[in-house]
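Reading through the structure tokens given below for one structure.
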Amino acid sequence: MDPFKALWISQNEDKQTVAWREIKEQDLMPGDVTIRVSHSTINYKDGLAITGNAPVVRSYPMIPGIDLVGEVVKSENENIKPGENVIVTGCGMGEDHFGGYAEYARVKSEWVVPVPEVFSSSQAIAIGTAGFTAMLCVMALQDHDLAPDNGPIVVTGASGGVGSVAVALLAKLGYDVIAATGRTQEKDYLMSLGAKELIDRNDLSGQCKPLAKERWAGGIDVAGSHILANVIAHTQADGVVAACGLAQGLDLPVTVAPFILRGVTLCGVNSVEVPRKKRLRAWQSLAQDLDIAKIDAMTTTYPLSDVIDIAPKILQGQVRGRVVLNVT
Ligand code: NDP
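What follows is the structure in structure tokens.
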């Protein structure tokens with residue numbers, strides 16, 4: 070294998086530097102599957118890692134990129150064959166294991182998922198961690214028996230990556246979706262993904278009462294803080310809320326009232342450490358329940374070399390839907 074290009078984050082005296090460099094196969098971290106990366110993407114967490122705005126990188130030097138798609142070129146696992154097209158999301162990539170912003174990656178075989186046949190490589194990476202997380206949130210609602218006839222579901226950060234896929238998934242499954250967004254100018258986009266109603270996220274951004282008017286049967290929240298508190302306070306009896314993000318903040322200023330007086334359930338979702346069986350179930354559901362045309366409609370494609378410029382934009386909420394990065 071010839072030397073290849075990688076984005077390299079290093080740390081000198083507590084200061085992080087990010088630069089492209091050529092590396093060799095022997096520089097890669099241990100693993101039993103080597104992948105020629107064709108596509109990567111940028112998630113909120115990648116934005117944090119590249120800008121250094123939060124301590125996402127846990128060991129230096131690091132190749133960021135929490136998601137990748139590519140062709141297996143070497144495998145010590147008999148169930149994963151060279152030539153297979155695979156996706157890897159999370160699992161510590163870009164945090165304590167070299168990730169997807171390089172032409173090659175070496176990973177552990179238990180992290181590897183075959184790209185479902187219905188998706189192209191570009192569509193699979195467009196789903197990536199954001200779409201996988203949206204699916205885990207939908208599964209959390211379904212696993213708590215929240216059905217479409219229980220009432221509408223609110224999705225916060227609806228124009229972002231997790232939000233866009235959550236809106237599309239819930240709509241396809243027959244739920245009425247209320248999209249909460251700071252970008253009300255994206256109304257046409259959100260309606261085209263399947264939202265029935267739009268609300269301004271400012272309505273949910275302030276201090277909330279312990280219990281507020283029942284507005285929805287459940288929610289998928291990417292924001293945390295006051296927005297999640299309001300989502301919970303407005304959830305009807307026996308409703309379910311899946312929380313996966315902190316775009317507004319890490320805190321959660323709620324009382325126990327919605328839990329003890331309305332029986333509301335709050336489900337936490339972590340897409341990084343997911344047992345392989347659940348990972349495969351989520352990808353099977355994505356293949357079945359996600360409208361492919363909607364993935365294409367929410368995707369913008371750039372060369373990998375643009376990723377340093379895109380990183381601050383995703384943190385400022387300026388990226389709509391999903392970004393595909395062409396690595397080759
Ligand atoms: P995006 O940046 O694509 O989307 C986040 C969206 O949140 C924005 O598009 C915006 O939507 C909204 N938003 C931005 N800033 C604020 C703010 N200050 N207050 C309220 N809402 C805001 O990111 P992702 O979709 O990739 O990730 C969303 C969140 O989920 C992040 O916090 C991320 O860390 C987390 N996450 C967690 C995972 C897990 O495993 N638990 C996995 C993946 C993501 P709009 O303009 O429509 O309001």
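Note that my numbering numbers the sequence shown so that position 161 is 230, with each residue one more than the last.
For glycine and all other residues, C-beta sits at the position ideal for the given N, C-alpha and C.
The structure displayed is predicted, hence computed values, not measured ones.
Any non-hydrogen atom of ligand 1 within 6 Å of residue i CB
i           : result
residue 113 : yes
residue 242 : no
residue 206 : no
residue 85  : no
residue 226 : yes
residue 121 : no
residue 134 : no
residue 386 : yes
residue 313 : yes
residue 219 : no
residue 292 : yes
residue 81  : no
residue 339 : yes
residue 168 : no
residue 284 : no
residue 163 : no
CA-to-CA distance, residue j to residue i, given in whole angstroms
i           : j           : result
residue 388 : residue 159 : 20 Å
residue 214 : residue 165 : 36 Å
residue 280 : residue 273 : 13 Å
residue 390 : residue 269 : 18 Å
residue 253 : residue 287 : 21 Å
residue 122 : residue 113 : 11 Å
residue 91  : residue 282 : 57 Å
residue 278 : residue 333 : 15 Å
residue 327 : residue 128 : 40 Å
CB of residue i within 7 Å of CB of residue j, strictly
i           : j           : result
residue 236 : residue 300 : no
residue 140 : residue 74  : no
residue 137 : residue 116 : no
residue 227 : residue 249 : yes
residue 120 : residue 381 : yes
residue 396 : residue 370 : no
residue 231 : residue 310 : no
residue 196 : residue 383 : no
residue 109 : residue 134 : yes
residue 204 : residue 354 : yes
Where residue i falls, given that 16 or more other Cβ within 10 Å makes a residue buried
i           : result
residue 329 : exposed
residue 304 : buried
residue 255 : buried
residue 264 : buried
residue 361 : exposed
residue 240 : buried
residue 125 : buried
residue 337 : exposed
residue 325 : exposed
Residue-level contact to chain C via CB, residue i, 7 Å cutoff
i           : result
residue 310 : Absence of chain C from the displayed structure is noted, only one protein chain being present.
field: At least 3 beta-carbon pairs within less than 8 Å: the region 216 to 232 vs the region 172 to 186
entry: no
field: At least three beta-carbon pairs within less than 8 Å, the region 188 to 198 to the region 146 to 163
entry: In this structure the region 188 to 198 touches the region 146 to 163; the number of beta carbon pairs closer than 8 Å is three or more.
field: Cβ pair count under 8 Å reaching 3, the region 98 to 105 against the region 83 to 90
entry: no
field: Stretch-stretch touch, CB-based, cutoff 8 Å, three pairs: the region 342 to 351 with the region 312 to 330
entry: no
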